[in-house]
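In our numbering, the protein residues as written are 999 to 1164. For every residue, glycine included, the Cβ atom is placed at its ideal position computed from N, Cα and C. Take a look at the structure set out below.
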Amino acid sequence: MVKHNENLKGETIIYKEIVKLSKRITILIIVILVTSFILTLTLSIIFPPIVFLLIIIFFIVDTTALILYANYRRLVISISDNEISLKFGIFNDKTIPFELIHKYEIIKPKFLTFGGVGVKIGLDGSWAYITDFKQALKVEYKEHRTFVFSTRYPEKIIEIIKSNES
């Protein structure tokens, strides 16, 4: 059985952070849902014969928005003595062993580089888990693509990486 302060490999977790999706994105999802509902209601009054079709479209749009929001609402960062583990949604897990990291820096991810929030491939070829555009840590490691992830406390993560350097 895995304890709360251990990862699946039984290693002690020395740092854990949950980075929630930006409030702006949450508000945008709510606006999409409300707008979709109002539009469906208005169009069903204007065009009564297509009410059933409008309800189906409303259901598809809103369900898709809710599923995407629920899946990507938070990024979980766990750091053990040996690695950084990232979990973003159901299918997106990433593990970066400390021994492979050779360069890191704090960046402010740009919308134009990554094209929004979520799991992204940037214009510079890097993989990214982006929840907002405030702060992120860019990690370059041997024989792999550069990886960028949002964090509220990049200095703390860098401090842990430095303390594990040989």
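Legend entry - Residue range of the alpha helix (DSSP H) that includes Lys1021: 1021-1044
Legend entry - Three-way DSSP call (helix, strand, coil) for Val1115 in this model: coil
Legend entry - Start-end ranges of the alpha helix (DSSP H) lying completely within the segment 1102-1147, minimum 4 residues: 1109-1112
Inset, instruction - Identify, in the order they occur along the chain, each residue of the same chain with its Cβ nearer than 7 Å to the Cβ of Thr1149, setting aside the five sequence neighbours on each side. - result: Glu1015, Val1017, Ile1075, Gln1133, Ala1134, Leu1135, Ile1155
Legend entry - Coarse secondary structure for Tyr1151, derived from DSSP in three states: coil
Inset, instruction - Tell whether a beta-carbon distance below 9 Å holds between Ile1099 and Val1137. - result: yes
Legend entry - Given Arg1072 as reference, the closest of Lys1085, Thr1111, Ile1048 once Cα atoms are compared: Lys1085
Legend entry - Span of the beta strand (DSSP E), counted from its first residue to its last, around Asp1091: 1091-1095
Legend entry - Helix, strand or coil at Tyr1013 according to DSSP, with G and I counted as helix: strand
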